[in-house]
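My numbering numbers the first residue of the sequence shown as 32 and each following residue consecutively.
Each residue gets a CB set at the ideal place from its N, CA and C atoms; glycine is no exception.
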Amino acid sequence: MNSIIHLLPDHVANQIAAGEVVQRPASVVKELLENAVDANATSITLLVKEGGKTLIQVIDNGLGMGDTDARLSFERHATSKINSADDLFRLHTKGFRGEALASIAAVSHVEMKTKTEDEDLGSHLIIEGSNIVQQEPCVTPVGTSIAVKNLFFNIPARRNFLKSTTVEQKHVIDEFQRVALVHPSVAFKLVHNGSELFNLPAANHRQRIVGVMGARTNEKLVPVKEETDLIKLTGFVGKPEFAKKSRGEQFFFVNDRFIKHPYLHHAVSSAFEGLLKDKAYPSYFLYLQVNPQSIDINIHPTKTEVKFDNEHSIYSILRSSVKHSLGQFNVSPVLDFNKDSSMDTDYVQHKTRAKIPSIDVDRNFNPFEAEKESGYFKKNTGSFQSKSTANWESLYTESIDGDDTIMDIEVESEQISPSLFQGQEKTYQSSGTFQLQRKYIITSTKSEMLIIDQHRAHFRILYEELLKNITAQPALSQQLLFPLKLQLDSNEIRVFKILKESLVNAGFSISELGEDFVKINGIPNRLPESETSILLDQLLSDFESDIPDSGFDQTDRLAKSLAQSMAIKNGTLLQKEEQTELVNLLFSCKEPVLTPLNRLVFVKQSAADFDKKFM
32 MNSIIHLLPD HVANQIAAGE VVQRPASVVK ELLENAVDAN ATSITLLVKE
82 GGKTLIQVID NGLGMGDTDA RLSFERHATS KINSADDLFR LHTKGFRGEA
132 LASIAAVSHV EMKTKTEDED LGSHLIIEGS NIVQQEPCVT PVGTSIAVKN
182 LFFNIPARRN FLKSTTVEQK HVIDEFQRVA LVHPSVAFKL VHNGSELFNL
232 PAANHRQRIV GVMGARTNEK LVPVKEETDL IKLTGFVGKP EFAKKSRGEQ
282 FFFVNDRFIK HPYLHHAVSS AFEGLLKDKA YPSYFLYLQV NPQSIDINIH
332 PTKTEVKFDN EHSIYSILRS SVKHSLGQFN VSPVLDFNKD SSMDTDYVQH
382 KTRAKIPSID VDRNFNPFEA EKESGYFKKN TGSFQSKSTA NWESLYTESI
432 DGDDTIMDIE VESEQISPSL FQGQEKTYQS SGTFQLQRKY IITSTKSEML
482 IIDQHRAHFR ILYEELLKNI TAQPALSQQL LFPLKLQLDS NEIRVFKILK
532 ESLVNAGFSI SELGEDFVKI NGIPNRLPES ETSILLDQLL SDFESDIPDS
582 GFDQTDRLAK SLAQSMAIKN GTLLQKEEQT ELVNLLFSCK EPVLTPLNRL
632 VFVKQSAADF DKKFM
């Protein structure tokens, strides 16, 4: 019988491994940055073009490599990090598999220049799809420079699955931040399409967090520190009032390696129990140091999944440490109030009966005997007369004799509150609308009864209106008496710059956009001023994870996010006129049956349906 099992060629094996290691440009960024850190670099520069689809280049001043090591580094399972299987339980480096460079070279064009300190000349390698095209000596600084070009050039299907440049850029920034946050002693720089996004000098952990996340972060950090035989914990958590509705600022680092761990995340969240708003996530930057033999990171090629020997103990330590820090820095309420010692009852007097105080009364005191400057009391009549009351009319002569009478002064007699449905005055006919449980509006046609969800109906109305305003004509804006200044972090500012033009068309008037703040002078006329910051926070959360590159997709998602936030909430009491107007506007929409998220706006009940229920 012929043998049917055979070894795969190296180039096929490399492409299979690349499918696990290199999922997108951000995967290449992670591997190259971690290699630079392992090479003891003190300065690392990352150059990216078109979200990494065209170019990813990492330049470091680390140890560098010789001619042989430079060529051998691109072979599968070739590594300088470990020598035996036992080393897997004593890992102190980022990489150890020996798959990263081989996988990257299998699906891209790679150019590397490297030189060690004791060599006069460095090595220059050019690799295309695992094939070494050129290797020659070159003049280059000490360290390594690796440029990855045309990612997935030989796998068109994988390249077509890449997202837009904006989305890939977001993932690249995420990986850059994760490496930069855990190595504050290393200077990092990120340049995208010729524009410098980050320039982080060597600093401590707090300064690095502020440099990465924005200056606003400094005021919201609460330090956490705990050391036991099992774990050493340091880092910071965010104050509850700065919690966001997105998971953008949750960072766990174990032995200087970024990890994702839902169980430990629950420990931090439970420490904030009772302090956060609904559906809000706390920010944290926590650094854990444990015995390398007590964890297993050899689970997935991305090395972001970790198994602990004693997860329950780490959970308890983490939860109590965060809770202690929140109480220690007066973030959470505590029962140990500051008391005035003079108010405490002496132990000796604790059971002594209190004495009734003695009161002296002057029974001859008469307050009406002495004359007062402003008048005197007349005993016969019992009335009080003022000494000077003749010319009181002269106080008002100017108002009476002047040209402007008091009737010409306009006085606001009642408070004016904006209506949910503003527009031209309309004559409302007597309609058969009825609001049920402040959630549904019930109305009828000739043969059916309609039960309308008021929030979904208003969602559909505002969506079509905003879509029209953003694409066709700018919406009306109501100017604020005092400009609204919102503090934003670096990621939120980046999103805001992309959405700025669309927000202006939607009715926002933006006067200034700084590095960590935005100043708003006007808001859409249907939006209450008190809800502006909440709406923008939700909007930025919706766009933070994924920003469509297409103009229509971006406008569509913006209109959906704004409309859903501005729509009236269930539980709001509507007057008869507002109910009627809502129904009229709904059925003037192009698609009144479904919300923009494809959910039913109303249901129908015919007379035949009711007849069946009474059978």
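Here the C-alpha atom of residue 182 lies approximately 19 Å from the C-alpha atom of residue 76.
One thing to note: residue 276 has its Cβ no nearer than 9 Å to the Cβ of residue 74. Here residue 470 has 601 as same chain residues with Cβ atoms under 6 Å from its own Cβ, once five neighbours each way along the sequence are excluded.
Counting along the chain, the unbroken beta strand (DSSP E) around residue 548 starts and ends at 548 to 555.
The residue from 516, 536, 567, 238 with its alpha-carbon nearest to that of residue 545 is 516.
The closest CA to that of residue 141, considering only 172, 169, 180, 151, is found on 180.
Counting C-beta atoms within 10 angstroms of its own C-beta, residue 37 has fewer than 16 neighbours from the protein chains shown and is therefore classed as exposed. Counted as a single uninterrupted DSSP element, the stretch harbouring residue 531 is not any beta strand (DSSP E) but the alpha helix (DSSP H) occupying residues 521 to 537.
The way I'd put it, the segment 62 to 73 doesn't touch the segment 147 to 165; fewer than three beta-carbon pairs between them come closer than 8 Å. Under the three-state reduction of DSSP output, residue 193 falls in the coil class, being neither helix nor strand.
Pairwise C-beta distances place the segment 490 to 504 out of contact with the segment 243 to 257, as fewer than three of them are shorter than 8 Å. The three-state reading of DSSP puts residue 260 in coil, since its state is none of H, G, I, E or B.
Taking each of 625, 357, 298, 304 in turn and checking the Cα distance to residue 342, the smallest one comes out for 298. DSSP places residue 605 in the coil class of the three-state scheme, outside both helix and strand. Per DSSP, reduced to three states, the secondary structure at residue 187 is helical. Taking each of 55, 549, 95, 232 in turn and checking the Cα distance to residue 530, the smallest one comes out for 549.
In this structure, the straight-line span from the alpha carbon of residue 159 to that of residue 216 is close to 35 Å. In the three-state reduction of the DSSP assignment, residue 138 falls in the coil class. Going by DSSP, residue 238 is part of the alpha helix (DSSP H) stretching over 236 to 244. The residues 262, in chain order, have a CB closer than 6 Å to that of residue 321 in the same chain once the five nearest residues on each side in sequence are set aside. The alpha helix (DSSP H) runs of length 4 or more contained entirely in the segment 478 to 507 are, from start to end of the chain, 485 to 502.
Bounds of the beta strand (DSSP E) holding residue 155 are 153 to 159.
Distances from the alpha-carbon of residue 172 to those of 604, 104, 338, 92 put 92 closest. Across the structure, residue 387 and residue 302 are spaced so that their CA atoms are roughly 51 Å apart.
Apart from the 5 residues on each side of it in sequence, residue 166 sits with its Cβ closer than 6 Å to the Cβ of 156 in its chain, given in chain order.
Non-local C-beta neighbours of residue 475 in its own chain, meaning closer than 8 Å and more than five positions away in sequence, comprise 463, 481, ordered along the chain. The segment 100 to 109 and the segment 192 to 212 do not touch, with fewer than three beta-carbon pairs separated by less than 8 Å.
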